[in-house]
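To start, the structure under review is shown below, and the notes come after it.
Residue numbers (the working numbering): 73 to 211.
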């Protein structure tokens, strides 16, 4: 998955970004989050239990671009503040040979909500012969 995210935050925990989900016990989300008075690129990886990692950003970025690349049983998470130069933030395990739902997410667990804008979202299959055969056989 790939896309650009922008919008306003009002309270701590407000977040928006990209989500990959196998089921309710195995998923990950990556995006911008307002935590402890600062904007951070945040990634939560859950495989029954959750692991949260954050990278503090300088000020409030107007937009953030997010890219997730699945490589067999792992996902590489990247972010960019300009849509050109990407930095890797995480490599995380994700079950192989299981369908994954990919989409946008937003949450305001402690507030009243906020506006979020998602642009240029798309999913592209990488040329992985083993995965392509699996996709054909598991339509």
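The beta carbon of each residue, even a glycine, is placed where N, CA and C say it ideally should be.
N- and C-terminal bounds of the beta strand (DSSP E) containing residue i
| i | result |
| --- | --- |
| residue 162 | 159-165 |
| residue 96 | That residue, residue 96, is in no beta strand (DSSP E); it is neither H nor E in DSSP. |
| residue 211 | Per DSSP, residue 211 belongs to no beta strand (DSSP E) and is neither H nor E. |
| residue 172 | Run containing residue 172: none; DSSP gives neither H nor E here. |
| residue 128 | 121-128 |
| residue 195 | Run containing residue 195: none; DSSP gives neither H nor E here. |
| residue 150 | 146-152 |
| residue 184 | Taken as a continuous stretch (DSSP letters only), residue 184 belongs to no beta strand (DSSP E), as it is neither H nor E. |
| residue 132 | Counting along the chain, residue 132 falls outside any beta strand (DSSP E), and DSSP gives it neither H nor E. |
Proximal residues to residue i (C-beta, below 7 Å), its chain only, five neighbours per side dropped
| i | result |
| --- | --- |
| residue 76 | In this prediction, residue 76 has a pLDDT of 49, which is less than 50 and means its spatial position is unreliable; what the coordinates show is noted afterwards. Contacts found: 135, 137, 155, 191, 192. |
| residue 127 | 112, 113, 161 |
Residues of its chain near residue i, where Cβ-Cβ distance is below 6 Å and the 5 sequence neighbours each way are ignored
| i | result |
| --- | --- |
| residue 132 | 111 |
| residue 105 | 87, 112, 114 |
| residue 93 | 99, 173 |
Within 8 Å, strictly: CB atoms of residue i and residue j
| i | j | result |
| --- | --- | --- |
| residue 101 | residue 116 | yes |
| residue 166 | residue 202 | no |
Integer Cβ distance of residue i from residue j, believed to fall under 8 Å
| i | j | result |
| --- | --- | --- |
| residue 157 | residue 206 | So it is not a contact: roughly 33 Å between Cβ atoms. |
Beta-carbon proximity list for residue i, same chain, < 8 Å, skipping 5 on both sides
| i | result |
| --- | --- |
| residue 120 | 97, 98 |
| residue 122 | 116 |
| residue 118 | 97, 98, 99, 100 |
| residue 197 | 203, 204, 207 |
Worksheet entry | Inter-stretch contact (C-beta, 8 Å, three-pair minimum) for the region 161-177 and the region 138-148 | yes
Practice prompt. For the region 173-183 and the region 87-99, state whether three or more C-beta atom pairs, one from each stretch, are separated by less than 8 Å.
Written response: yes
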